[in-house]
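2 protein chains.
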Amino acid sequence: MIFMTDVRWLTEREARAWRGLQFMQMRLEAELARQLATESGLSYPDYLVLVALTDQPDGRLRPFELGDLLGWEKSRLSHHVARMTDRGLVKKERCTSDRRGAFVAVTAKGRREIEAAAPGHVRAVRELFIDRLAPEALDVIADSAEKVLAEMEDDRLRS
Amino acid sequence: MIFMTDVRWLTEREARAWRGLQFMQMRLEAELARQLATESGLSYPDYLVLVALTDQPDGRLRPFELGDLLGWEKSRLSHHVARMTDRGLVKKERCTSDRRGAFVAVTAKGRREIEAAAPGHVRAVRELFIDRLAPEALDVIADSAEKVLAEMEDDRLRS
DNA sequence: TGGAAGTGGTTGACGTGTCTACCAACATAG
DNA sequence: CTATGTTGGTAGACACGTCAACCACTTCCA
Numbered sequence: 000m001i002f003m004t005d006v007r008w009l010t011e012r013e014a015r016a017w018r019g020l021q022f023m024q025m026r027l028e029a030e031l032a033r034q035l036a037t038e039s040g041l042s043y044p045d046y047l048v049l050v051a052l053t054d055q056p057d058g059r060l061r062p063f064e065l066g067d068l069l070g071w072e073k074s075r076l077s078h079h080v081a082r083m084t085d086r087g088l089v090k091k092e093r094c095t096s097d098r099r100g101a102f103v104a105v106t107a108k109g110r111r112e113i114e115a116a117a118p119g120h121v122r123a124v125r126e127l128f129i130d131r132l133a134p135e136a137l138d139v140i141a142d143s144a145e146k147v148l149a150e151m152e153d154d155r156l157r158s
Numbered sequence: 000m001i002f003m004t005d006v007r008w009l010t011e012r013e014a015r016a017w018r019g020l021q022f023m024q025m026r027l028e029a030e031l032a033r034q035l036a037t038e039s040g041l042s043y044p045d046y047l048v049l050v051a052l053t054d055q056p057d058g059r060l061r062p063f064e065l066g067d068l069l070g071w072e073k074s075r076l077s078h079h080v081a082r083m084t085d086r087g088l089v090k091k092e093r094c095t096s097d098r099r100g101a102f103v104a105v106t107a108k109g110r111r112e113i114e115a116a117a118p119g120h121v122r123a124v125r126e127l128f129i130d131r132l133a134p135e136a137l138d139v140i141a142d143s144a145e146k147v148l149a150e151m152e153d154d155r156l157r158s
């Protein structure tokens, strides 16, 4: 039986990291979303989908591959792809090898829009985040993220 | 005129930090939200609101103060408080000194629910994040977040 | 003092994300 | 071959977040 007194509350030092991270992330996402929305017709999720698709040689992916790449659940992906299809940014194609399946493919319009949006987005990521931190700090952040993600993955497999 | 060739794309080192951070944050938020939802009746936003209110001596705040504390826009706050009011977690009170204004106050039920939810949430934050990183890494993260946030604030004031 | 500008807060419409349930096709063990 | 479980994907209901418009009150200054 676990009692409340067993809880190890966060120390001031720990809380500073946790709250800081939460706040930074919230502000960064909001600012980047705003920037994308005003300088292009894309939302941040749209952008991520189009990056993943245009990284492929044939500009298309099976939905489950795209979902794994982005870390999205299949339902979310399905909804989002439907909205993007309505706006003509992507289209669906039949999959001949598995009749359940499909492909999500970037359209010409999708390519035009992401090529227009990418420079401004990358510039914003630099100005807001990358160029404000020392390379060593970026390495610590990258190492930390990989560690945390790897251990979450371990947990998932063990359960 | 800015040409695409002027864009300084992210180096592999920079992209590792940026993508890692994004992914970690996404997974952490999802996992914490899931944990809160299953072990209590609260969503993550509910939790944040209740923490802010119960931190106050009188358990209440003006909506704009609460919004500043959480970094939320007033519209978001208004919507969320309305939903929480419907569920009896908070209630609104009149503000006598400014007749436009109001207070958002925790109810007894709200207190009970957050006291029940907090230990599990803090335990999850520790298990998923805090306890998996060295204190020095946490300090670097805290410093980085404060730097990024401070410079965003500077930008905001300058513009 | 009266009107314009600013502040506190709400609302509605709409895009987004999650959960649950569901259908169709595949894989495979008997 | 067929029953059973698994995988790929969709659909609806609902919670959440943003934007723009709005109302009510306050502030301030001509």
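Residue numbers (numbering that gives the first Met the number 0), protein chains in the order written: chain A, 0 to 158; chain B, 0 to 158. Just so it is clear, CB atoms sit at the ideal spot from N, CA and C, and this is done for glycine as well.
For a contact meaning CB atoms closer than 7 Å, what does residue i contact in chain A?
i     : result
B/L20 : I140, A144
B/P56 : Those do not exist, as B/P56 stays about 19 Å from chain A at its closest Cβ, beyond 7 Å.
B/R15 : A141
Please report the Cβ distance between residue i and residue j, rounded to the nearest whole angstrom; I am assuming they are in contact, meaning their Cβ atoms lie under 8 Å.
i     : j      : result
A/A16 : B/I140 : 5 Å
B/A81 : B/K90  : Not confirmed; about 12 Å, so no contact.
A/G19 : B/A136 : Not really, about 13 Å apart at Cβ, beyond 8 Å.
A/L60 : A/L47  : Wrong, their Cβ atoms sit about 13 Å apart, outside the cutoff.
List the residues of chain A that residue i touches, going by C-beta distances under 8 Å, in chain order.
i     : result
B/P44 : The premise fails here: B/P44 is roughly 11 Å from chain A at the closest Cβ pair, so nothing lies under 8 Å.
B/V6  : A117, P118, V121, R122
Going along chain B, which residues have a C-beta under 8 Å from residue i?
i      : result
A/R131 : K146, V147, E150
A/L9   : V121, V124, R125, I129
A/E30  : M151
A/M25  : G70
Report the rounded CA-to-CA distance for residue i versus residue j, giving the unit in angstroms.
i      : j      : result
A/P118 : A/E150 : 34 Å
B/C94  : A/D67  : 50 Å
B/R111 : B/P62  : 22 Å
B/D138 : A/A107 : 46 Å
B/D142 : A/G87  : 43 Å
B/L69  : B/G58  : 16 Å
A/M23  : B/V121 : 20 Å
B/G109 : A/E92  : 50 Å
A/L27  : B/V147 : 9 Å
B/S96  : A/A36  : 39 Å
B/V50  : A/P56  : 49 Å
A/D45  : A/D54  : 14 Å
B/H79  : A/R98  : 43 Å
B/M83  : B/S77  : 10 Å
B/D5   : A/R7   : 50 Å
B/L65  : B/D85  : 18 Å
B/T10  : A/M25  : 24 Å
A/Q21  : B/Q21  : 11 Å
B/D130 : A/D130 : 29 Å
I want to verify the contact list: residues of chain B whose CB lies under 9 Å from the CB of residue i, in sequence order.
i      : result
A/L156 : Correct list: empty, because the minimum Cβ distance to chain B is about 14 Å.
A/Q34  : Correct list: empty, because the minimum Cβ distance to chain B is about 12 Å.
A/L49  : Result: empty, since nearest Cβ-Cβ is about 16 Å, beyond 9 Å.
Exposed or buried, which one is residue i when buried takes at least 16 other CB atoms within 10 Å?
i      : result
B/E13  : buried
B/A133 : exposed
Going along chain A, which residues have a C-beta under 9 Å from residue i?
i     : result
B/R12 : P134, L137, D138, A141
B/R59 : Here the premise fails: no neighbours, minimum Cβ distance about 22 Å.
Note down, in chain order, every chain B residue with its Cβ under 7 Å from the Cβ of residue i.
i      : result
A/A101 : Residues of chain B passing the Cβ test: none, with the nearest at roughly 25 Å.
(request) Would you check if the region 121-140 of chain B and the region 139-154 of chain A touch, i.e. whether three or more CB-CB distances between them fall below 8 Å? (result) With a cut-off of 8 Å on Cβ pairs, the region 139-154 of chain A is in contact with the region 121-140 of chain B, counting three or more such pairs.
(request) Please confirm if the region 107-115 of chain B is in contact with the region 36-44 of chain B, defined as three or more CB-CB distances below 8 Å between the two stretches. (result) Flag = yes, the region 107-115 of chain B and the region 36-44 of chain B touch.
(request) Could you tell me whether the region 58-75 of chain A touches the region 20-39 of chain A, using the rule of 3 or more Cβ pairs below 8 Å? (result) Inter-segment contact for the region 58-75 of chain A and the region 20-39 of chain A is absent: fewer than three beta-carbon pairs are separated by less than 8 Å.
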